[in-house]
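Scroll down for the structure; my scribbles are underneath it.
This is how it looks when you write it as structure tokens:
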């Protein structure tokens, strides 16, 4: 067992991040003890050797006086981590890159635990009130984007780097081998195509296809599907693609987690919610019968309205109970990836939700939390370790392909970027959690890219 000696201040936070860093990410046991005689951190190995690091982040950490100026880095250094067996330049958010190595002691300038806490808890979003029109903290606003490390799982890399340092001092150390998985998910925002039932919706899309997409093919396709639906023919592609997603993932050996909106809370939510739609029953039953899972996808206004959020959870549970479908463990992802850094996680825990998978950026793919591992969440404001687990979202198709975000038009380039994220996630034993909407599979190009990603 490893022993981490820390100073008394902010012991709750230090014990929490040590547990995530060592126990959850590395898979090794580490106890945390207060030692008033030390400065910073002292990691003691079973053979008595030690690794020392400064406590720079928590030295500045004061909840009553937190400010972006004091805690959001204006500049960073990059630590050359050849120990990881690849050309990794590890971002040092707090501290420096100097390493002093001896036979029994290694001393770092790098506050690896403070950097990990800042990243894992999304502390930057607590300090920076910049938001988009939907109330979201975007990747565009982040220091990960500013310093170009969003595509690195920096907490996982830091954990592996520290472990390699431990091994250099104590060759007898062992840790379990962790093999990551690919988690395929789908937010079924629109289970059925509203353009087939409502001429105004069809007309609006036709205008969008002609003016914005400059695609006569898309416009004509929408018009023809609308006419066919009124004549009793044609297929609803939104609904069809849910079955297609199950078909191709079953061939690939994957189970899919589908998230459904319980109640319509705004025009951004589907009319075919669990509360109102009767025809959605057959879709839920097919997913369940085929061995896939169903999670809750609270509507657009839920994060900003606790009563609406509570009604959504109750509606979801009631509908699945009526369908005879179990939803344990209880999975959540909020619509539009909306998230309130101060309240959402604690509210989800209060309502017995076991896993959340909202924390990916809407506008960019990559590692919002710096890790691909599931981890225990922390309430910064209340200083409480939560029971709910975060399963970080690393890739959403809209983030990469949508014209208002990264807009990677060339599908081969898109796949290379996704592959980079996936490979880095799995390399350190983490999971590749991906989201692809059933409504983003209209073209053969999209389908081919999807098939390559899920393998």
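Residue numbers (the numbering used here): 4 to 458.
Ideal Cβ placement from N, Cα and C applies to all residues, glycine included.
Nothing here was measured: the structure is a model prediction, and the numbers come from that model.
Residue i, enclosing beta strand (DSSP E) - first and last residue
| i | result |
| --- | --- |
| residue 190 | 185-191 |
| residue 99 | 98-104 |
| residue 56 | 53-56 |
| residue 289 | From DSSP, residue 289 is part of no beta strand (DSSP E) but of the alpha helix (DSSP H) over 283-292. |
| residue 152 | No beta strand (DSSP E) contains residue 152, which DSSP labels as neither H nor E. |
| residue 298 | 296-299 |
| residue 391 | 387-393 |
| residue 379 | 378-382 |
| residue 416 | Premise fails: residue 416 lies in the alpha helix (DSSP H), 414-430, not in any beta strand (DSSP E). |
| residue 438 | 435-438 |
| residue 259 | 259-263 |
Closer than 7 Å: residue i CB and nearest the ligand COA heavy atom
| i | result |
| --- | --- |
| residue 298 | For the ligand COA, the structure offers nothing, since it holds no ligand at all. |
Selection from the options that minimises the alpha carbon distance to residue i
| i | options | result |
| --- | --- | --- |
| residue 330 | 376, 260, 230, 446 | 260 |
| residue 313 | 349, 385, 4 | 349 |
| residue 115 | 247, 131, 146, 80 | 80 |
| residue 339 | 325, 347, 364, 74 | 364 |
| residue 39 | 14, 360, 60 | 14 |
| residue 414 | 443, 448, 377, 309 | 448 |
| residue 34 | 120, 22, 356 | 22 |
| residue 459 | 345, 386, 395, 328 | In the structure as shown, the chain starts at 4 and stops at 458, and residue 459 therefore has no counterpart that could be examined. |
| residue 392 | 385, 356, 418, 398 | 356 |
| residue 360 | 298, 63, 418 | 298 |
| residue 288 | 341, 48, 325 | 325 |
| residue 206 | 230, 191, 192 | 230 |
| residue 378 | 65, 120, 238, 191 | 120 |
| residue 37 | 292, 18, 174, 171 | 18 |
| residue 48 | 20, 213, 8 | 8 |
| residue 300 | 294, 293, 320, 292 | 320 |
| residue 347 | 332, 334, 309 | 309 |
| residue 179 | 315, 122, 26, 50 | 26 |
Limits of the alpha helix (DSSP H) - the one that residue i falls within
| i | result |
| --- | --- |
| residue 340 | First-last for residue 340: undefined, no H or E at that position. |
| residue 6 | Note, residue 6: premise wrong, no alpha helix (DSSP H); beta strand (DSSP E) at 5-9. |
| residue 160 | 157-172 |
| residue 92 | That residue, residue 92, is in no alpha helix (DSSP H); its beta strand (DSSP E) goes 92-95. |
| residue 22 | It is not in any alpha helix (DSSP H) - residue 22 carries neither H nor E in the DSSP assignment. |
| residue 401 | 400-404 |
| residue 13 | It is not in any alpha helix (DSSP H) - residue 13 carries neither H nor E in the DSSP assignment. |
| residue 449 | 447-457 |
Neighbourhood of residue i by C-beta, 8 Å cutoff - its chain only, sequence neighbours within 5 removed
| i | result |
| --- | --- |
| residue 423 | 154 |
| residue 367 | 141, 142, 143, 148, 153, 402, 408, 409 |
| residue 194 | 241, 242, 245, 263, 273, 275, 280, 283, 286, 441 |
| residue 457 | 185, 187, 251, 252, 255, 257, 437 |
| residue 460 | The chain is shown only over 4 to 458; residue 460 falls outside these bounds and no answer can be derived. |
| residue 42 | 10, 57, 58 |
| residue 156 | 370, 373, 374, 375, 427, 428, 431, 433 |
Collapsed DSSP secondary structure at residue i in the structure displayed
| i | result |
| --- | --- |
| residue 268 | coil |
| residue 125 | coil |
| residue 115 | helix |
| residue 311 | helix |
| residue 320 | helix |
| residue 335 | strand |
| residue 361 | coil |
| residue 47 | strand |
| residue 79 | coil |
| residue 34 | strand |
| residue 41 | coil |
| residue 248 | helix |
| residue 356 | coil |
| residue 214 | helix |
| residue 109 | strand |
| residue 274 | coil |
Same chain, Cβ closer than 6 Å to residue i, neighbours up to 5 away in sequence not counted
| i | result |
| --- | --- |
| residue 304 | 268, 269, 311 |
| residue 167 | 86 |
| residue 110 | 55, 103 |
| residue 129 | 344, 383 |
| residue 97 | 59, 60, 114, 117, 118 |
| residue 108 | 53 |
| residue 124 | 381, 383 |
Cut-off 7 Å between Cβ atoms - residues of its own chain near residue i, not counting five sequence neighbours on either side
| i | result |
| --- | --- |
| residue 390 | 352 |
| residue 91 | 84, 160 |
| residue 134 | 140 |
| residue 150 | 79, 94 |
| residue 163 | 87, 431 |
| residue 248 | 189, 259, 441 |
| residue 453 | 439, 444 |
Residue-chain proximity (residue i, chain B), Cβ-Cβ < 8 Å
| i | result |
| --- | --- |
| residue 46 | Chain labels in this structure do not include chain B; a single protein chain is all it has. |
Touch test, the stretch 139-147 against the stretch 25-32, Cβ-Cβ under 8 Å, three pairs minimum: No, the stretch 139-147 is not in contact with the stretch 25-32.
Any 3 or more C-beta pairs closer than 8 Å across the stretch 172-183 and the stretch 430-442: yes
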